[in-house]
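Those sequence lines, one after another, are chains A and B. Quick note: the first sequence, position 69, residue 69 per the working numbering, numbers continuous. Quick note: the second sequence, position 119, residue 197 per the working numbering, numbers continuous. Positions of the beta carbon are idealized from the N, C-alpha and C atoms, including for glycine.
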Amino acid sequence: MKIGVKILPREEVLDSSGRTVTKTLQSNSFKVSDCRVGKYLEIEVDAKNEAEAKEQVQKMAEFVLYNPLTENYQLEVL
Amino acid sequence: MKKIGVVRFLGTNCDRDIWQAVEAKGYEPQWLWYENEFESSDYDAVIIPGGFSYGDYLRCGAMASKTPVMKSVVEFANSGKPVLGICNGFQVLCEVGLLPGALVRNHSGQFIDKWVVLKVENSCSHWGENVETCRLPIAHGEGCYHISEHDYKNIKDAGQVWLTYEDNPNGSVADVAGVMNAGKNVAGLMPHPERALFEWMGGQDGFNFF
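Written out as C-alpha cells, the structure reads:
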C-alpha cells in the first residue's frame, strides 16, 4: 500500500524557496499572492488496511521525516 | 592528553580541519565513524564537524541524527561531557534534540561564505574563551536559526544564547549564531572556528574555541 506524505514549512517559518517562486511568477505576470514550497514523499508499506498503513507512516514521519519546529505534514492514501 | 572524538558521517567535509585544530591545541583526535557506537569513558570531548551529512537530503542533519554514533553522542552529552557541533554539526545537534531550535534556509536563499563579527552573549566554559567579540568565517546555505518566541525567551533567560551576529547574515531569530543546552556542556555554532586558527588563515580568533 502506498502512502503520500506532504510536508510544508510552518506559516511562521520564512520559506525562502516559496518566496523566490512567488517573485518569479509575479515578475512573469502571474497573479500570485503567496507560494509555499515543501516536499512530497511516496512510501510503500506492507499493511492489512489503510489505517494500519497510515499508522506505520505516521510513526516514520514523527521519527525523522518532518521537524515539528519548522514543518507540518499530512498523510494521504494513494 | 585530552582525547577528542571527531565524528564522521558520509558527507562530512570539515573533519580534517577539526583534526588539525585539535592537534594544534596539543590534544589527541580520534575518528568516530557514524556506523559505530562508542564508550563515553574513552573520550574527554566530542566534536561534530561541518559538511553535508547525507547530502542534506530530507533536512540538514536529520538523517545523521538517527545514526548509531549519535546514540552514543547523546549518552556522552547526558553524562555532562562536552560536545561541540560546528555548522552541519550544529544542525545535527538540533535535530537530535540536544540543542534547542532548528536551522533553515538563509533568508536570502543564497549560500553565504564570508567573515563575520560575533558577540559572545554568554561564555561557554568548555568551548571558546571569555571574550566580548570574535571574528570567524561562515559558509552555509541553511544557517537561519529558527526557534519559537516562547522557546527563545526560555533560552535567553537561561543564558543559553552563546553567540550572536553583529550584522545578521542569514535571518536568524534574534541574530543567534550559536546556542548551548541547559547544562551548558553541549554547544553548537554556524561559524567555523577551525578555519580561523592562525593569522595566515585570515584570523586566529577560532584557536581558543578548542
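Taking Cβ-Cβ distances shorter than 9 Å, what residues in chain B pair up with residue i?
| i | result |
| --- | --- |
| Leu78(A) | The premise fails here: Leu78(A) is roughly 20 Å from chain B at the closest Cβ pair, so nothing lies under 9 Å. |
Give the interface partners of residue i over in chain B, defined as CB-CB distance under 8 Å, in chain order.
| i | result |
| --- | --- |
| Asn72(A) | Simply none; closest approach about 14 Å. |
| Asn67(A) | Arg137, Ala140, Glu173 and Ala180 |
Hey, out of the options, whose CA is closest to residue i's CA?
| i | options | result |
| --- | --- | --- |
| Phe87(B) | Asn263(B), Glu113(B), Glu210(B) and Pro269(B) | Glu113(B) |
| Ser16(A) | Ile43(A), Lys31(A), Gly38(A) and Glu76(A) | Gly38(A) |
| Asp283(B) | Leu214(B), Lys103(B), Asn156(B) and Ile164(B) | Leu214(B) |
| Gly139(B) | Asn166(B), Ser203(B) and Val100(B) | Asn166(B) |
| Ser157(B) | Ser118(B), Val209(B), Phe168(B) and Gly89(B) | Ser118(B) |
| Glu71(A) | Val124(B), Leu181(B) and Phe130(B) | Leu181(B) |
| Leu69(A) | Lys149(B), Ile164(B), Cys172(B) and Ile126(B) | Cys172(B) |
| Lys80(B) | Ile125(B), Gly89(B), Thr90(B) and Glu115(B) | Ile125(B) |
| Gly237(B) | Val85(B), Asn248(B), Gly89(B) and Met258(B) | Met258(B) |
| Glu12(A) | Leu196(B), Phe116(B), Val251(B) and Glu272(B) | Val251(B) |
Under the three-state reduction of DSSP, which class applies to residue i: helix, strand or coil?
| i | result |
| --- | --- |
| Gln282(B) | coil |
| Trp205(B) | coil |
| Ile96(B) | helix |
| Met148(B) | helix |
| Gln108(B) | strand |
| Arg86(B) | strand |
| Leu275(B) | coil |
| His218(B) | strand |
| Leu25(A) | helix |
| Met258(B) | strand |
| Thr20(A) | helix |
Name the chain A residues that come within less than 9 Å of residue i, Cβ to Cβ?
| i | result |
| --- | --- |
| Lys149(B) | Those do not exist, as Lys149(B) stays about 14 Å from chain A at its closest Cβ, beyond 9 Å. |
| Gly249(B) | Leu14 and Ser16 |
What residues of chain A sit near residue i, judged by a beta carbon separation below 7 Å?
| i | result |
| --- | --- |
| Lys144(B) | Val64 |
- For the segment 11-38 of chain A, which residues have a beta carbon sitting closer than 9 Å to at least one beta carbon of chain B? Glu12, Val13, Leu14, Asp15, Ser16, Ser17, Arg19 and Thr20
- Task: Please determine if the segment 93-103 of chain B and the segment 176-183 of chain B are in contact, where contact requires at least 3 C-beta pairs separated by less than 8 Å.
- Result: no
- Query: Name the residues in the segment 216-230 of chain B whose C-beta lies less than 8 Å from a C-beta of chain A; which are they?
  - Reply: Cys222, His224, Ile225 and Ser226
- Message: Can you confirm whether the segment 257-273 of chain B touches the segment 236-246 of chain B when touching is taken to mean that 3 or more C-beta pairs between the two stretches lie within less than 8 Å?
- Response: yes
- Message: At a CB distance below 8 Å, what residues from the segment 175-207 of chain B approach chain A? Give them in sequence order.
- Response: Gly179, Ala180, Val182, Arg183, Asn184, His185, Ser186 and Gly187
- Are the segment 224-234 of chain B and the segment 129-137 of chain B touching, with three or more C-beta to C-beta distances below 8 Å? no
- Cβ contact (3+ pairs, closer than 8 Å) linking the segment 96-110 of chain B and the segment 49-66 of chain A: no
- Message: Within 8 Å, do at least three Cβ pairs link the segment 248-263 of chain B to the segment 217-228 of chain B?
- Response: yes
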